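Protein chains in written order, with full-length UniProt numbering: chain S, 1 to 214; chain Y, 1 to 214; chain H, 1 to 214; chain W, 1 to 214. The structure appears below as structure tokens.
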DNA sequence: GATTAAGCGAGACGGTACGTCCGGTCTTTTT
DNA sequence: AAAAAGACCGGACGTACCGTCTCGCTTAATC
């Protein structure tokens, strides 16, 4: 006996770096249940009172299954939102009919409608709040969500500028921010209704400042 | 909310509502310590990890002293901010030199500078987050803070319109939101630097869309 | 006034040494409920499946109230046992009628009866098991429980030796262990019934080896 | 023996009893690694903190391989102990040189020495604790371990009685318990050192009470 | 030699309990 | 009566293991 166990600690079983789990073994049913439960619950109680335990219970899942795959409840929501609520991944470009004003009005009207749907609004607000608290998450959020992203606006505006519909020296990023910023602020800080009058007026006023002189 | 029924009813209570404390007996030293500790701590750990217990401990104060006078940690921060960080009470109107563009540029430059100071930025971000989660608080926040309010912009823009510097039919509220919304979004979602180039370009582009036609 | 506690770093709030709670502020009702629930539960499910959470739930108490005052579930049981089941604190000396054999027979019979009562047996076994796993607890256990202590036997045997009823050179501790050891082993390892025949025979055989020669 | 899913079971077994594994296909290397790891670990962390997961990890084995072959961690330890630490299977009878006192002294001295070896003591204590919590395991333990069993003492004492060295009416089981009980108690409850002085005195005092009168 | 059915290493899974942290209430003592 | 202190009930945290359950992969035994 005695048989000492090889004195150099194998992996020591200590609290060392945890190996990442194997995604190929992931249970798709559990994943879907978690994402679904997250969206339900954030709509029912809001982000501040959303708990991992409640998600696990609603999804019929062990807490560890959540902690194994997501670093935070915000990350769960982000997945839930991009999967079930937002656009799956591809950037939904703004259509280009040649009429910039019409195109932007259509997009902002659609966006306003989306933000009036509580099933969309609650998780989106949760993610905006989480992003405001965590820069890393904010980047993830922007990278994966089309609605909040300004890149699609920049693309459309660039096409318009190249077609001579906007001033040559227009700052495309600033222009895009002028279209989304007032909308975002009005929504997040609840400064007023998100109706079509608002979005139409916004588009028109912004474009009025960007058109070629003449 | 939740509002437990309080089993031992005082004999003639009527509504059973807790009698409010007498403000005249309030300890000013404790109040100041609590507000100061809140600002310190929100700068150190952020809003999500700010706790009432930590504020009480840092302030050398009993927890009950906080619960007696404020309904939530956001309310504490709001008091702390208006007292120590923001303008104490008077609305700081935007100056009117006659040159609208110059006045707005100056104000937005100053605001950008403020938001670059971490001692200002941390509690303000905390309040924005808390307001995004709670509509009541959001109203309080807007009512009491000058910097985030748009009324001052509306006032200055109205003067410019009345002086014929803007179109007759300008939507003053929308115009104000176009000045503050891109700024707010860029700041809260960390979409870019808040420098003078940005604010100047913002002012110029917005005003370009508002000027009287040809 | 009232000496502020040095504004920088109060107690650091770090994970440092936790200050001990103030026993004078302890809630006696909670304490009694916890001890009672422990005894109930250990009788129902045994020591291995006894959990702090179940004790807290049964007692209608927060878990922290247990962790605040006891370091382990074994320590809770020890308090519970000495308060409700065992002798409150004073060492219950073995009576001295002059007849050593009769006195020991009476004590061991009484002890056997006690160990036949499940309400006594379950927590006592739990403590014996806990003590076997933790030397510190074992010492506490021995120091505070009369039934398992051998000091009372030594005291009675010394009186008998001084009265000339035992050999001059008798090893009192060994003699006491010979009275309690077989009993303890038979009980803990369930090697046989703890009846009066057993205890009487044990006393007689031990004393047969200890009497003065002649 | 194509072994369809258990012929004598109705087709819709559902929760049916799990078919026992085939011992002939067992991996001897895994078995040895598990038993070795168990002994190592119980020595390092004690019984209470010994986990199946740690055994599997240390042994480089899947958890299921343990659950397939053993019903509990105590059962693993029991195998580990009888294989590596204790006597493999044959009952090691107490030698009979004709001198009962000398034979018992030798056996108890050897036993004391064994219990002073941590590599032996740790798993033995673990098994004693497990046995104290579970009567079934206790029986298994007694049936398979020579050192802790009292049958060998009874056998040796019977021979002595038949040779006229003990009283005719001696209770052999009680006598055996008087030899092992004090030893067991002193060891398990850590009441004192297990040295040769103790075991010699124990043997002598016990035998003093058992010898024929006159 | 191909098939097939374990046993096996690995580890994800639904759960339970852990011990800690904090929310909000209550009580005691001091100012 | 307010305040400092902090005990209290409750509930969520993130972690550790439980015992079960797939996954390939390897290894025998049967075809």
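For each residue, glycine too, the CB sits at the ideal point set by N, CA and C. All figures in this text were calculated on a predicted structure; none of them were measured in a lab.
The DSSP-derived three-state label of residue 129 of chain H is helix. Residue 30 of chain Y has its alpha-carbon roughly 15 Å from the corresponding atom of residue 54 of chain Y. In the DSSP assignment, residue 199 of chain W falls within the alpha helix (DSSP H) that extends over 196-208.
If you draw a straight line from the Cα of residue 203 of chain Y to the Cα of residue 167 of chain Y, it is about 16 Å long. Of all residues in the segment 107-132 of chain S, only 125, 128, 129, 131, 132 place a beta-carbon less than 8 Å from a beta-carbon of chain Y. Beta-carbon to beta-carbon, residue 103 of chain H and residue 35 of chain H are separated by about 32 Å, too far to satisfy the 8 Å threshold. In the DSSP annotation of this structure, the continuous segment of the alpha helix (DSSP H) that includes residue 111 of chain H starts and ends at 100-115. Annotated as distal: residue 210 of chain W and residue 152 of chain W, with beta-carbon spacing of 9 Å or more. Among the CB atoms of chain S, one or more fall inside 9 Å of the CB of residue 177 of chain Y. Under the DSSP assignment, residue 76 of chain S falls in the alpha helix (DSSP H) whose first and last residues are 73-80. Residues of chain H with a Cβ closer than 8 Å to the Cβ of residue 138 of chain W are, in chain order, 189, 190.
If you draw a straight line from the Cα of residue 191 of chain Y to the Cα of residue 45 of chain Y, it comes to about 22 Å. In the three-state reduction of the DSSP assignment, residue 170 of chain S falls in the coil class, being assigned neither a helical nor a strand state.
Think of a sphere of 7 Å around the beta carbon of residue 184 of chain H: the chain W residues whose beta carbon falls inside it are 181, 185, in chain order.
Its chain contains 39, 123, 124, 127, 145 as the residues whose beta carbon lies nearer than 8 Å to that of residue 81 of chain S, once the 5 sequence neighbours on both sides are disregarded; these appear in chain order.
Its chain contains 194 as the residues whose beta carbon lies nearer than 7 Å to that of residue 116 of chain Y, once the 5 sequence neighbours on both sides are disregarded; these appear in chain order. Beyond the five residues adjoining it in sequence on each side, residue 206 of chain H comes within less than 6 Å, by CB distance, of 178, 179 in the same chain, given in chain order. Within the segment 199-211 of chain Y, 201, 202, 205, 206, 207, 208, 209, 210 place their CB atoms closer than 8 Å to a CB of chain S, listed in sequence order. Within chain H, the residues 133 have their CB atoms less than 7 Å from the CB of residue 48 of chain W, given in chain order. Comparing C-alpha distances from residue 175 of chain W to each of W:84, W:134, W:129, W:208 shows the shortest one belongs to W:208.
In this structure, DSSP gives residue 21 of chain S a state outside helix and strand, which the three-state scheme calls coil. In this structure, the CA atom of residue 111 of chain Y is about 11 Å from the CA atom of residue 120 of chain Y.
Put simply, the CB of residue 55 of chain S is far from chain Y, with every gap to its CB atoms at 9 Å or more.
Per the coordinates, the alpha-carbon of residue 130 of chain S lies some 14 Å from the alpha-carbon of residue 51 of chain S. One alpha carbon belongs to residue 41 of chain S, the other to residue 47 of chain S, and they sit about 9 Å apart.
When Cβ-Cβ separations below 9 Å define contact, residue 174 of chain W makes contact with chain H. For residue 150 of chain S, the closest Cβ of chain Y is nearer than 9 Å.
A distance below 8 Å between beta-carbons, with the five flanking residues on each side excluded, links residue 161 of chain H to the following residues of its chain, in chain order: 167, 168, 170, 172. Residue 134 of chain S carries a coil assignment under DSSP once its states are collapsed to helix, strand and coil.
For the options S:150, S:71, S:57, S:134, the alpha carbon positioned closest to that of residue 49 of chain Y is the one of S:134.
For residue 64 of chain W, the enclosing alpha helix (DSSP H) starts and ends at 63-69. Counted as a single uninterrupted DSSP element, the stretch harbouring residue 97 of chain H is not any alpha helix (DSSP H), since DSSP gives it neither H nor E.
Under the Cβ distance rule, residue 142 of chain Y counts among the residues neighbouring chain S, one pair being separated by less than 9 Å.
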